[in-house]
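Using the numbering used here, the first residue of the sequence shown is number 112, and each one after it goes up by one. No residue lacks a Cβ here, since even glycine has one placed at the ideal position from N, Cα and C. Quick caveat, the model's predicted, so the values are computed rather than measured. The structure appears right after this line, and notes come after that.
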Amino acid sequence: MNQLVAEILITCIILSLIICCIPLYRQSMEMLGSLASLSLAENQFPTFLPDTQAYGADVISLIDYYAENEAVSIVLDSSYGQKTYIDTTYEENPYTYPFTLEQRFLMDVTYESKKVTSIHFILQED
112 MNQLVAEILI TCIILSLIIC CIPLYRQSME MLGSLASLSL AENQFPTFLP
162 DTQAYGADVI SLIDYYAENE AVSIVLDSSY GQKTYIDTTY EENPYTYPFT
212 LEQRFLMDVT YESKKVTSIH FILQED
């Protein structure tokens, strides 16, 4: 009889701990999820100073990075002509006059409510 009472008592204690711990675990997971979404929602792209220098590799990287974002337009400008990239990668639509990865560009970034809306690259011809 004493063993049965002890087993029932231990079972009640274990069940009460489980019932108390599950909501605490859920709350902590929800808090971690909301913190993760907040950190991802912040603007993770750095703010550039006006007339920032960039290289050809940076230009291609930014075109590919913003290919999925229709709100951002990237304009390549040189003495050969101008090309605008919206919702496309560099490989899908290469610039008519190729440039090297080491060539310098003057970069002008336009922001609207802390989000990049357009990037204008001007080829610096040495």
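Once the 5 residues before and after GLY192 are set aside, which same chain residues still bring their CB inside 8 Å of it?
THR207 and TYR208
From LYS225, SER127, SER190 and THR199, residue whose alpha carbon lies closest to that of ASP175:
Checking every option, the nearest Cα to that of ASP175 belongs to THR199.
Taking only the alpha-carbon atoms, compute the straight-line gap between LEU143 and MET112 and give it to the nearest angstrom.
In a straight line, the C-alpha of LEU143 is about 47 Å away from that of MET112.
Run of the beta strand (DSSP E) containing VAL186, from where it starts to where it stops
Following the DSSP letters along the chain, one finds VAL186 inside the beta strand (DSSP E) bounded by residues 184-189.
Local conformation of LEU234 per DSSP, three classes:
strand
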